[in-house]
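To start, the structure itself, in C-alpha cells.
Number of protein chains: 2
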Amino acid sequence: MIPEYNERANFIEETGMIFERLGVTRMAGRILGYLMVSDKEHVSFDELTQVLQASKSSISTNLKALVNVEFVKPHTLPGDRKTYYMLSPDIDWRGYIIRRFENIRTMNDHFKKGLSLRVNPKDQVSKWLSGTVEFYDWLLKEYPGFMDQWQEEKKM
Amino acid sequence: MIPEYNERANFIEETGMIFERLGVTRMAGRILGYLMVSDKEHVSFDELTQVLQASKSSISTNLKALVNVEFVKPHTLPGDRKTYYMLSPDIDWRGYIIRRFENIRTMNDHFKKGLSLRVNPKDQVSKWLSGTVEFYDWLLKEYPGFMDQWQEEKKM
DNA sequence: TATTTTGTTCGGCAAACACAGAACCTGAAA
DNA sequence: TTTCAGGTTCTGTGTTTGCCGAACAAAATA
Chain G
42 MIPEYNERAN FIEETGMIFE RLGVTRMAGR ILGYLMVSDK EHVSFDELTQ
92 VLQASKSSIS TNLKALVNVE FVKPHTLPGD RKTYYMLSPD IDWRGYIIRR
142 FENIRTMNDH FKKGLSLRVN PKDQVSKWLS GTVEFYDWLL KEYPGFMDQW
192 QEEKKM
Chain L
42 MIPEYNERAN FIEETGMIFE RLGVTRMAGR ILGYLMVSDK EHVSFDELTQ
92 VLQASKSSIS TNLKALVNVE FVKPHTLPGD RKTYYMLSPD IDWRGYIIRR
142 FENIRTMNDH FKKGLSLRVN PKDQVSKWLS GTVEFYDWLL KEYPGFMDQW
192 QEEKKM
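Each protein sequence line maps, in turn, to chains G and L. Under our numbering, the letters of the first sequence match residues 42 to 197, in that order. Under our numbering, the letters of the second sequence match residues 42 to 197, in that order.
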C-alpha cells in the first residue's frame, strides 16, 4: 500500500516544525523530511524547490547548512552537472548525542568558574553548585563507556 | 581574596550568552548568573533590576519564566512584602538531562513514522532510518538505568 | 482617603532572522 | 560568443522576539 500524498506532505511539515523547535530552520527540517520519505536514493536541487515550493535561494542556503553539519551528503554523477543530495549515510547519531553532552561540559565548566567566584564556599548556593558539578563530572566521565555498550551489544 | 567586580560582571554576561544559545533569553541567563555569584542567599527583585541594569518588566517576565521551570525559587519573609529569589536548591539536573532525552524520543518516534511511509523498507534510506531507530530505542531504554548508577555510587 | 511600595501587564520599538526574488556567476553546449 | 543549465549571493520584506517605558494593579502605610 503506497502512502497517501498527504501523509508524506504532513510528515515533511512536521519535520519542519520539529527541527525548528531544535533551533534549525523550518526549511532545513522540511528538506530532511523530504529526504526521509522520498523513495529516490538521492534528490536534485530542482526537485527540492518544486516539491517544497520554496525559492532556490532558500533551498541553496539550507542545503549548504545541512551539508556543513554533515546531515546531508551531496552526490554527483559522471556526465551530469547537477548535484544530488541524500541523507548522509553515516550520520552519526551517537556523535550527535556526544555533541549534546559537550554542551553540558560547557555548562559544567561555567559552574566551576562560578564556584570559584564565591566568597563562602560552604553556603547554600556554593553547596548547590558543587553538588551539580559533582554530578556532571561523574556524568561526563561515565557516559562514553555507557555509549560503548551499544557497540558491544550489537556484536552479540 | 575577594573576586574582582569585573570577574563577576563577566561571569554574569557569559551566563547570559550560554543560556541564550540554549534557547533561553539572555536576561534569564543573566539572572541565573547573578544568583550564582551573589553572596547573598537570596536576592530581591529590585536588586536584580539595579545590578543587571534592566527594566522591571524584563526582570519580572524572565523571573516568572525561571520560576515556572523551577530553576529559581521565590522566597518570602514574614513582615516583608518583597519577594526574594534564589537558585532552586533542588534543581534536578538529572531531571534536566532526562527532559532532553525526551526530545530524542520525539525525534525517534518521528523517524519511525517516516520509516512507515517508505515504499521499500530495504533500500538505503530505510536501512539508515531503521539503524537510527534501533540505536535510539536502545538508548532510551538503557539511559535511566545508567543515570541511576549515580545514586548508587553516592551511597557508597 | 491619599500615597508609597512592589511588582505585573500592555503597547511599541529595534534587532534578528527566515524566506523570496532578482541579479549574478560558472562551466558546458550551441 | 552567445546561450543555457544549475546554482549562489545580495537585497528587500514580513515576522518574531527581547526589551523598555508607561500605564496599571494591589496592598500596606500615612
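From the three backbone atoms N, C-alpha and C, an ideal C-beta is built for every residue, glycine too.
Where Thr117(G) falls, given that 16 or more other Cβ within 10 Å makes a residue buried: exposed
Three-way DSSP call (helix, strand, coil) for Pro185(G) in this model: helix
Inter-residue Cα distance where the pair is Trp134(G) and Val92(L): 42 Å
Test: Gly70(G) CB closer than 8 Å to a CB of chain L: no
Selected residue, minimal CA-CA separation from Met68(G), among Ser79(G), Met77(G), Thr56(G), Val78(G): Thr56(G)
Nearest-angstrom Cβ-Cβ length linking Leu22(L) and Phe152(L), presumed shorter than 8 Å: Absent from the structure is residue 22(L), since the part of chain L shown begins at 42 and ends at 197.
Helix, strand or coil at Lys81(G) [DSSP, three-state]: coil
Proximity test, Cβ basis, 8 Å: Asn47(L) and chain G: no
Best match in Val113(L), Glu194(L), Tyr184(L), Asn161(L) for proximity to Asp80(G) [C-alpha to C-alpha]: Asn161(L)
Amino acids of chain L, ordered along the chain, whose beta-carbon sits closer than 8 Å to that of Asn161(G): Asp80
Whole-number beta carbon distance between Tyr126(L) and Val110(L), since they are thought to touch under 8 Å: Between Tyr126(L) and Val110(L) the Cβ distance is about 13 Å, and since that is not below 8 Å, they are no contact.
Through-space distance from Val78(G) to Pro119(G), alpha-carbon basis: 26 Å
DSSP-derived helix/strand/coil call for Met127(G): strand
Residues of its chain near Tyr184(G), where Cβ-Cβ distance is below 7 Å and the 5 sequence neighbours each way are ignored: Phe142
Within chain G, the residues that Thr147(L) reaches when beta carbons sit closer than 8 Å: Ile59
Pair within 8 Å by beta-carbon distance, Tyr177(G) and Ile145(G): yes
C-beta atoms of Met148(G) and Ile132(L) nearer than 8 Å: no
Three-state secondary structure assigned by DSSP to Thr66(G): coil
Sub-8 Å separation of Val84(L) and Leu76(L) beta-carbons: yes
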